[in-house]
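K.L.:
Have a look at the structure that comes next, please.
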Amino acid sequence: MRYLPLADTDRQEMLRTIGAKSIDDLFVDVPEAARLSGKIEGLADHASEMSVERQMTAMARRNMVAGEVPFFLGAGAYKHHVPASVDHIIQRGEFLTSYTPYQPEIAQGTLQVLFEFQTQVARLYGCDVANASMYDGSTACWEAITMARRVTKRGKTILSGGLHPHYVSLAQTMARFTGDQLDVALPELAAETDAERLLASIDGETSCVVVQYPDILGRIADLTPIAEKAHANGALLIAVVTEPVALGAIEAPGHMGADIVVGEGQSIGVGLNFGGPYVGLFACQEKFVRQMPGRLCGETVDAEGKRGFVLTLSTREQHIRREKATSNICTNSGLCALAFSIHMTLLGEKGLRELAALNHARAVQAADRLAQVPGVEIINDSFFNEFTLKLPKEARPAVRALAEKGVLGGVSLGRLYPEAEALQNGLIVAVTEVVTDEDIEALATALEEVLA
Amino acid sequence: MRYLPLADTDRQEMLRTIGAKSIDDLFVDVPEAARLSGKIEGLADHASEMSVERQMTAMARRNMVAGEVPFFLGAGAYKHHVPASVDHIIQRGEFLTSYTPYQPEIAQGTLQVLFEFQTQVARLYGCDVANASMYDGSTACWEAITMARRVTKRGKTILSGGLHPHYVSLAQTMARFTGDQLDVALPELAAETDAERLLASIDGETSCVVVQYPDILGRIADLTPIAEKAHANGALLIAVVTEPVALGAIEAPGHMGADIVVGEGQSIGVGLNFGGPYVGLFACQEKFVRQMPGRLCGETVDAEGKRGFVLTLSTREQHIRREKATSNICTNSGLCALAFSIHMTLLGEKGLRELAALNHARAVQAADRLAQVPGVEIINDSFFNEFTLKLPKEARPAVRALAEKGVLGGVSLGRLYPEAEALQNGLIVAVTEVVTDEDIEALATALEEVLA
Amino acid sequence: LEEPLIFEMDEQGGCGVDIAPAPKVASRLGGLERKRDIGIPGLSEPQTVRHYTRLSRQNYAIDLGLFPLGSCTMKHNPRLNEKMARLPGFADIHPLQPIDTVQGALKVVADLGEWLVKLTGMHSVAMSPKAGAHGELCGLLAIRSALEARGDAREVILVPESAHGTNPATAAFCGYRVENIPATERGRVDLAALKARLGPDVAGVMITNPNTCGLFEPDMIEISKAVHEVGGLVYCDGANFNAIVGRVRPGDLGIDAMHINLHKTFSTPHGGGGPGSGPVVFSEALTPFAPLPFVEKQGDRYVLIEEETAEEHHGQTFGRMTAFHGQMGMFTRALTYILSHGADGLRQVSEDAVLNANYILRSLDDVLDAPFGASGPCMHEALFSDKGFAEGVSTLDVAKGLIDEGFHPMTMYFPLVVHGAMLIEPTETESKATLDQFIGALRSVAERAKAGDPALKAAPLHAPRRRLDETLAARKPVLAWKEPVQGMAAE
Amino acid sequence: LEEPLIFEMDEQGGCGVDIAPAPKVASRLGGLERKRDIGIPGLSEPQTVRHYTRLSRQNYAIDLGLFPLGSCTMKHNPRLNEKMARLPGFADIHPLQPIDTVQGALKVVADLGEWLVKLTGMHSVAMSPKAGAHGELCGLLAIRSALEARGDAREVILVPESAHGTNPATAAFCGYRVENIPATERGRVDLAALKARLGPDVAGVMITNPNTCGLFEPDMIEISKAVHEVGGLVYCDGANFNAIVGRVRPGDLGIDAMHINLHKTFSTPHGGGGPGSGPVVFSEALTPFAPLPFVEKQGDRYVLIEEETAEEHHGQTFGRMTAFHGQMGMFTRALTYILSHGADGLRQVSEDAVLNANYILRSLDDVLDAPFGASGPCMHEALFSDKGFAEGVSTLDVAKGLIDEGFHPMTMYFPLVVHGAMLIEPTETESKATLDQFIGALRSVAERAKAGDPALKAAPLHAPRRRLDETLAARKPVLAWKEPVQGMAAE
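Keeping their order, the protein sequence lines are chains V, S, L and P.
Residue numbers 77 to 528, in this note's numbering, belong to the letters of the first sequence in order.
Residue numbers 77 to 528, in this note's numbering, belong to the letters of the second sequence in order.
Residue numbers 918 to 1408, in this note's numbering, belong to the letters of the third sequence in order.
Residue numbers 918 to 1408, in this note's numbering, belong to the letters of the fourth sequence in order.
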C-alpha cells in the first residue's frame, strides 16, 4: 500500500514498545458489538495507481468539457483562461500540503500571500479591508447578512430580485432557523433592475439591502441611490459580485457606498470545477472590521523587530469564543485564495483592465449576433460579459437541444427558477475571452435550428 | 509580453545609465548588411497563452495516444505507468530550473540525487559504478564502444545482430569518421541469438563485443560465454539493455561478466515522448572508471567536514581538456535521470520485481493468445516482455491496417530493417503492465481480420 | 533576502499575461466605467513565479516533515489525487450544464456518497457542505428540522467539555443553548452525568468519537440509546473518523448525523487553510431532512435533485446550504483515495494511525505527563499535559522549541480539559524512523522544559521569523497594505 | 536536519507503488532469473515525496533568483511550455507508431524546424541532435561529409582561443587537428591572422558569434567569405543566438552550419543538467549531407525520412546520430515559446537581453575591470577580469561571496583569454529591480575583493554547504554508495 510506510517488522517492533500483543489490543475500548469483523461490503481491495486512474478517467470522459465546445454558461461561475503558472505554483508542496498558519514563524509564506490577497480584494471591491476568504460567494453573502445584523441589531433584510437564486435559497434556508426576516422577489425580464422596489422597501427596521452587481440577468445599475437611502435609514448596503472580472471595467461597489462587498472569486485563478471548491471574497469598510467574520491576516513584528504576519482578531473565532463566536466557520478557501492572488498578480491593473475590456467587447459582439436570430430578444440595456435572452419558447429544453448539437449555450432561467412561469423563456448567456467568433456563430446557428 | 519584465520606462532609464540613445546603438557592431530591418517573415506577433494552447492542442489531437488504444509497441521504447508523484517532483522549480551543479554549495539537491542515481544504476546493471546519465541508450552505446577503444587501444568492434538497428546505424555513422572497424550482421528470425557468430568472431584484434540483452527480437541469452571468450582475447564485453524493467526479473549483465553495461532508461520514470528526451544509462566495473565518459558525481567533504557531493573527474571533460577530452558531451539528461531515480525509489526492490513479474506474465499470456491466430508463429523460446511474431505476410502494411482498426499492434521489422527481405514478415510485440486482457483480445482479433 | 510585498516592488507595473486586443465596440456598461486606478500591482510571469516560490519556502508542509497536529490530521496527500482532480472532464465543467452532459461527474458524487454511507454504516449522505464546520451546521439543521417536523422544538444541545470549538459555535448558530457534559477522570463522557441531564428539553448531543482526548467513547452505544430514549438525536463530530475507518461504523453506535472532513480521513490537501469539504452522513431518521441538492441514480442515469424536483420526493428538506453542489474538486480526490486504498487499505489506515499514536504515547510517557495514559491505549492521537514543566515554562515554549528541532509543533492547549495540553497525531503516513526522530526531538525539548532552560523562551531561533507579536497585531489591526506616507521613507 | 541517502534510511524496505499481482505463468526467461538481491531501496510515496522535496530545497534555481551565468543563458522557463509538453498527444506517443497516427507530432517537428530556418536565414535543419555539443558534432560531420564528397579531405579546423571547450573537443572527435586563431585587443577574431592561416588544408572554422567575450564579430561576413574562398566551411556555435534572434540572421553572415541550444534561446528548462536539444541549421551547401531522420511535408501529409526512404532523395546523408527522432519534449516547449513570443516578441527578447547586459557592464565598470569595455557596447553578456583584486583574492572567492549575497555566481574563468574572467549574462527575463540588487551585491563583493577582505576566502557561509573538497573527490573517487564496513560506525 503505497501511502503506508510501516513495514510488518516495524509494526511488530512498535507493538512490543507499546506492550500490546496485537493491533486489536489497541482497539480494546471499542465495544464488541461495534467492531466490524469483515471488510466494508462491496468495496474492492487496494488498487494500483494505473487501475484507479483508469476508473476515474472513464468517469471524466462521460462529461462534456467546457473547453472543447462552444461554451456560454455563467450565472455565478465563469470560464476564463487561467495561466499555467497559477496551477504550477499552487501545487508546490509548501503551499498544497501546509496547514492553517497558526504557527506564524513557519508559515510566513501563506500569511504574506493572505495579506496580499486581502489587499487585492479590498482594492478590487473598493473597500478598506477584506478577510482571508470564505467558502464561496453564496456563503459569504449569508455571512454578510448576519454581520449586518450584528452591526445594526436589526433583523430585516431586503434581497434584490437580481441576486443569484442559489444565494437567495441559502439565505432562506438559514433565515428559517435564525429568525431573520427576508424580503425577496423574483427578477423580471426587463431592462431595468429592481432598484425602485428596493428603494421603496428600505425603512427604519431594515438591517441591510443585498444587491447583486452585475445582477443575475447581467444588468448593471448604479448602487449609489440605494446606498444613500439605506444609510439614511441606518441600514447597510451589501453588494454581491459573482463575476470579479467585471470590476476591471465597471466601478467598484465600495466606491458607490456599499458597506460590505462580497462575492465569488472563482473567475480569477480557480476554474469551473463543477461548482467547487471556489473562493468567497469578503470586504467591508474599516469601521466594521471587528464584526467581520472569517479569518484575518494582519501585520506585526517579531521578537527581532522584523515585519511579519499573523492571523489576528481571532478572539471573534470559534476556537476562542466557542458558542459566542461570530461564525462557526473554521476553514477558509486558502488554496483557492492563493490561486486568485497569483492570477491577480499576473494580470495586474493592466491585464485586468484588458481582460475586462475583451470580455465586454466579445459579449457585445455576441449580443449583436444573437439579436439577429429570429424570435430572440435581448433583455439588457446594460451588461458586462453576460446578458439575458428572451426566447420565443421555453429555454430549458432549448438548452438541452443545443447540448445535443454540441453547444453549451447558456443557463436557462427555468433551471434556476423552476417554478416561475414568467421566466421560463429566459436564457442567460455569458461570453468571456474564451469564446471565439466561430463559437458565437455556432451558437447563433444552433439556436436558429432549435427555435425553428 | 508576459515573460519580459522590463517596462519602457525601465528601458529608457537603463539606456541613460549606459549612455546610449537607443537600443540600435547597442547593436552597432552588427554590419549594416546583416541587420534585419523588418520582422521574421511569416511568423505572427506575440500571442496569448490561450491562443498558443489552442494551436498546440490542435496538433496534439492529431496523434493516436498510446494510453487510449490497445498498445503493443516496444523496440527500444516502452509504455509503462509512471506514478503521478514522479512528475510532481520533477516540476519543482528547484529541480526544473536549476543549472548543472558546478557550484556544489548551492546544488546539493541535484548532486545527491545524481549520487543516488549512479548507485541505483550500478546496482541494477550489476556494475561497480555508473555515470550521471547520457543523452539516451543509442548514444551511450557508441560512447561505450569508444571507451572500449581507449581501454584496449584496439579498433575492431563486433556488434550482435540483436542490437537495436538504430544503435547500429548510429555506430556506423560515427565509425565512418573515427575509423573504427565494425563487424555487423542482421538478426535472424530464429529462437537462437547470434551468440555463436559472436564467439567465432572474437580475436586478438577485437576491442569489444556489443550484445543487446534482451535483444531486439526479445530473446534472452546468457552472456557469460561471450564475456569469457572476450576476456580471454583481451577484449571487453559491452551489454546493452533497452528495457531496464527486465533486470527486475533476469540476471544483470554485470554479473555475467560484462565490462560495460549501457542502455536506455526511458522505461522507468520517463514516458514515451515520441522518442525523446530519454536517459542513457552507463555503468562499468571499477577498474575502467577513469575512462568512463560523461558527468560523474562523487562524495567528498566541505570545509566543516560535512559530507557533500561534487561533480568529479572533470579533468576528462571538454571544458578542461578541450581537444583532448574523452568525449565532446557537455550535457547529461539530468531531469530524466531524476525522474528515473524517483520512480526507482518508489519501486524499490519489491516493486521492481513485482513490476517485472507482471510484465513477463502478461507477455506470456499475450504470446499464448497470439500463437492461436492462424498463420502466426512466435519466434522466441525466451523473452521478457517483448517477443517477435512471424506473420504469414508482410508485417509493415499489417501494422498500418491494425492502426486503422484502432490497435497499435507492434513494431514491424520492415520499419526497422527496410532493406532486409528475410525480415519483412517479422512483428515485435511488447506487452507491459498497461496491457489488459481486453487489449490482448483486441489485438488477436484485429490481427486475425488483417491476416484473413 | 527578504521578499517584499507585491505592492512594494519596483516592477509592479508589469503584466504576466497577454490578452488579445479587444475588438472595438460601443460600451454598454450602463455608464459605470471604472475610471480611477484600481491599485492592483502586476508582475511578469518570471517575477510572479519567483515571488511565490520564494514565499512558499517560508512555509512548513507535510512534504517537508511530520505535522503532529492532534485533531487536525495532517497526512500525506497523494499526487494521484491531484492529477485526477485536474482531468478536464472534472475540472472544466460548469455546475449548471445540462444533466446529460455531466453524467460522469454525478457518478463521482454518487459513488463517493455511496462509499461514505457504507464506511459509516449510515443511511444517506449530504454532499454539499463546504467544510467540516459547514457539515456540523448541516447536521444540526437536520436535527432541528426533524424535531420541528414533529412539533417538538427543543432548546438545549449537550456538548462535552472537550469538544471542538466549532461544536458549541454551530449549536449556538442554530439557535440552541449549549450545555457542557463533564468528563470522567479517564477522559470520557460521564455517562451518569449525561443521563442525569437528559430530558424533554434536550434536542441532542454533539459528541466527538474518538474524542478530542484521542480516546474511544466505550459507552457510545449507551449514550445514543439514552439520548434517543428522551427523544433527542445524536450528532457525532467526524473529525476523528480516520482513527476507526474500516474497523468501526458510526452507524452501529447509534449516531444520527456525522460530518466527515474529507482531508482528515480521505487525504485531500489542507492547502494552508482550505478548501475543505464536509459531507454529512445521516441515519434513517434524519434522511428526509437532508439539504438540497443531491445526486440520485435513476436506472442508468444520474439526476440532480434540486429545488424543482425536491417537492415530489424530498419535501421535508431543510433547503440549500450553498450555491451549486459542493466541493467537486475534493470529491474526485477523496474517491481516488478510497479506490486506491480499498477495503483492506482503509482498515490498515486506521490501524497504522492508532499504532503510530500509541507508539508515541508509550515512548514519551516517561518524560511527559500523559493524563489518561493509565486508562489504556489511545486511538489516533496521544495527549500530554504540561505537568512537570519548570516554573515559567509553558506548552507554547515546548511547541516553539520543536520548531528549532525541525518539526511543526503539536496542537497546543486543546482539549481544554487538560492543562497545557499537547495533542499529538502522527497519522498513518509517517514511518517509524520519522516517529523515532520526532520522539527524540520532543524528549529533548521536554527535558529542557522540565529543567527550566531559559533559552526555550526565545525559541524558535531557526525559523524564517522569531516569535511574532500577536497582541500588537490585534490591538492595531493592519489588514491591508497602504502606501507609506510621503517622506516616511527618509526618516 | 540532514537528509540521508535512500540507501541509509531505516524505511528503505518499503514500496511506493501498488502493482497488480502477476497472473501465474510458466517462466520463459531462458533460465536467467535474477536471484540475488538487486539492492534497490524502496520508499512509500509519502517518504519519497518528502525525500526529494527536501533535497530540492538545497538547490538554487531560476525560480528562486537571478542566474548570471555567462554563456550558459539561464532564463525563465514558461510554465505553459511544461503544460503543452505534457499533453498526452505529445507525451504519450511512441516514436515508431505508424506515420499516419503521429501527424500532429510531425507537424510540431516540421513547424519548429521551419521557424528555426527562418529565424536563422538558413536553408534546412537537422532536428535530431540531442544537445548543443551533439549539434556541433552534427555540423562538423556534415562539413566533413561535404568535403569528402568533393574528394577534398582536409585536416585542420581553426578555432578562436575564446571558444567553448566543446568546439575543439568536437573537432578532434571528427578527426580534425585543431589550431587556434588569436584574438585582437578588442576581443574579436584577428581577421588578418585568420586570413594568413587559411589555405587548402583548412576544412573550416568554428566560430561563436556573438563570441564568448559577449561581443559581436563585426568582420563575420568577411571571415566567412575568406574561408569560403579557400574552399573551407564556416561552423557557428549558436550558443549565443539569443543575443541576436529577430535582429540578425546567421545565414546573412555566411554561416554554413550552426547548432541552436533550445534552452538558451527558446526557454526549455535546464533541469539541473539536461536534457538539452541541439537542432542544427545548414546552408544550401551542407543540406544534402544532413543526418537522418527528418520530417518532410508532402502535400497535406507529413512523412519521416528514415533509412528506407533516404536513398531516393537524400543519398548523401551522413547517417543517423541517435535512435528515433530527437528531443520531442523539447520541441513542443520551444515551439510553444516561439508562438508565444512571435516575431515582435523574439526581437524584443534579444533587445532586452542586450540591454540588461550593457546595464550591468556600465553599472559595474567603475569597480570591476572590463577588459573590452572601451571598445563599445557588449551583446548579451558582460565580461570582467580579476584585475585590481588584492593579492590572494581570486575570481572564485568573488563567486563564492556572491552566494552569501543570495545569488548564483557568474561564469568563472571563461573565456580563457581573460585573466580570472567573470562572464555575466542576466538574460531578458530579469527585471531592472533584480539587476539593481545584483549590481549592488557584486559591487559590495568586488570592493571586498579589492580591499583583500580575508573573510571572502571562507565564503559561502550561508549555503547548505561550505566549500567542498573537490581534490579529495577526484583523488579517491567515491561514485556509488557502499554498505559501511561492519564496526566502522562504532569508531
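C-beta atoms are modelled at their ideal positions from N, C-alpha and C, and glycine is treated no differently.
Under 8 Å between beta-carbons, which chain S residues line up against alanine 1338/P? List them in chain order, please.
P.N.:
Within chain S, no residue comes near alanine 1338/P; the closest Cβ sits about 13 Å away, beyond 8 Å.
K.L.:
Quick check on tyrosine 1152/L - is its C-beta less than 8 Å from some C-beta in chain V?
P.N.:
It does not; no Cβ of chain V falls within 8 Å.
K.L.:
Report all residues from its chain with a CB closer than 7 Å to the CB of leucine 1285/L; omit the five preceding and five following residues, and keep chain order.
P.N.:
Phe1301, Ala1363
K.L.:
Apart from the five residues just before and just after alanine 1376/L, which ones in its own chain have a Cβ nearer than 6 Å to its Cβ?
P.N.:
When the five nearest sequence neighbours on each side are left out, the beta carbons in the same chain lying within less than 6 Å of the beta carbon of alanine 1376/L are those of Lys1317, Gly1318, Asp1321, in order along the chain.
K.L.:
When you compare the CB of serine 1348/L with every CB in chain P, is at least one pair closer than 8 Å?
P.N.:
yes
K.L.:
Look at the Cβ atom of lysine 232/V, then the Cβ atom of aspartate 259/V, and state whether they are nearer than 8 Å.
P.N.:
A contact, by the Cβ cut-off of 8 Å.
K.L.:
Can you give me, in chain order, the residues of the region 989 to 1011 of chain P that have a beta carbon less than 7 Å from any beta carbon in chain S?
P.N.:
Cys989, Met991, His993, Asn994, Pro995, Leu997, Glu999, Met1001, Leu1004, Pro1005, Gly1006, Phe1007, Ala1008, Asp1009, Ile1010, His1011
K.L.:
Can you confirm whether alanine 498/V, when its beta carbon is compared against all beta carbons of chain S, has any partner nearer than 8 Å?
P.N.:
no
K.L.:
Alpha carbons only, please: which of Met135/S, Gly374/S, Ile405/S is nearest the one belonging to tyrosine 211/S?
P.N.:
Taking tyrosine 211/S as reference, the option from Met135/S, Gly374/S, Ile405/S with the minimal CA-CA separation is Ile405/S.
K.L.:
Give me the Cα-Cα distance between leucine 1132/L and proline 177/V, rounded to the nearest whole angstrom.
P.N.:
When rounded, the separation of the alpha-carbon atoms in leucine 1132/L and proline 177/V is 27 Å.
K.L.:
For chain S, find out if any of its Cβ atoms is closer than 8 Å to the Cβ of glycine 1318/L; answer yes or no.
P.N.:
no
K.L.:
Is leucine 1036/P a contact residue of the ligand MG, with contact defined as CB to any heavy atom under 7 Å?
P.N.:
With respect to the ligand MG, the structure offers nothing, as it holds no ligand at all.
K.L.:
Can you check whether the C-beta of valine 886/P is within less than 8 Å of a C-beta belonging to chain L?
P.N.:
Outside the displayed range of chain P (918 to 1408) lies residue 886/P, so it cannot be described from this structure.
K.L.:
Here's the rule: buried if 16 or more other CB atoms are within 10 angstroms of the residue's CB, otherwise exposed. What is histidine 1336/P?
P.N.:
exposed
K.L.:
Is the beta carbon of valine 285/V sitting closer than 8 Å to the one on alanine 322/V?
P.N.:
no
K.L.:
Using a 10 Å radius around the Cβ and a threshold of 16 neighbouring Cβ atoms, would you call serine 214/S buried or exposed?
P.N.:
buried
K.L.:
Report yes or no: do the region 985 to 994 of chain L and the region 238 to 252 of chain V share at least 3 C-beta pairs separated by less than 8 Å?
P.N.:
Here the region 985 to 994 of chain L makes no contact with the region 238 to 252 of chain V; the two share fewer than three CB pairs at distances below 8 Å.
K.L.:
Could you name the residues that DSSP lists as bridge partners for threonine 540/V?
P.N.:
With chain V covering only 77 through 528, there is no way to say anything about residue 540/V.
K.L.:
Going by alpha carbons, who is nearest to leucine 1115/P out of Val1144/P, Ala1372/P, Pro1135/P?
P.N.:
Val1144/P
K.L.:
Look at the alpha carbon of valine 189/S and the alpha carbon of leucine 972/P, and state the distance between them as a whole number of angstroms.
P.N.:
8 Å
K.L.:
Give a yes or no on whether the minimum CB-CB distance between alanine 334/S and chain P is below 8 Å.
P.N.:
no
K.L.:
Where DSSP assigns a beta bridge to asparagine 139/S, which residues make up the other side?
P.N.:
Val1019/P
K.L.:
For valine 1212/P and arginine 491/S, I'd like the C-alpha separation in whole angstroms.
P.N.:
16 Å
K.L.:
Does the Cβ of alanine 183/S have 16 or more other Cβ atoms within 10 Å, making it buried, or fewer, making it exposed?
P.N.:
buried
K.L.:
Please report whether the beta-carbon of asparagine 501/S lies at a distance below 8 Å from any beta-carbon of chain P.
P.N.:
no
K.L.:
Taking only three categories from DSSP, how would you classify asparagine 1097/L?
P.N.:
In the three-state reduction of the DSSP assignment, asparagine 1097/L falls in the strand class, which pools E and B.
K.L.:
Using a Cβ-Cβ distance cut-off of 8 Å, determine whether glycine 1309/P contacts chain S.
P.N.:
Chain S contact via Cβ: absent.
K.L.:
At a CB-CB cut-off below 8 Å, which residues of chain V make contact with aspartate 1169/L?
P.N.:
Ala109, Ala110, Leu112
K.L.:
Give the DSSP-derived three-state secondary structure of aspartate 1028/L in the structure shown.
P.N.:
helix
K.L.:
Determine, for arginine 1384/L, whether the minimum Cβ-Cβ distance to residues of chain V falls below 8 Å.
P.N.:
yes
K.L.:
Counting only beta-carbon separations shorter than 8 Å, does arginine 1071/L have a partner in chain V?
P.N.:
no
K.L.:
So with Cβ pairs under 8 Å, would you call glycine 1357/P a contact of chain L?
P.N.:
No, glycine 1357/P does not count as interfacial toward chain L.
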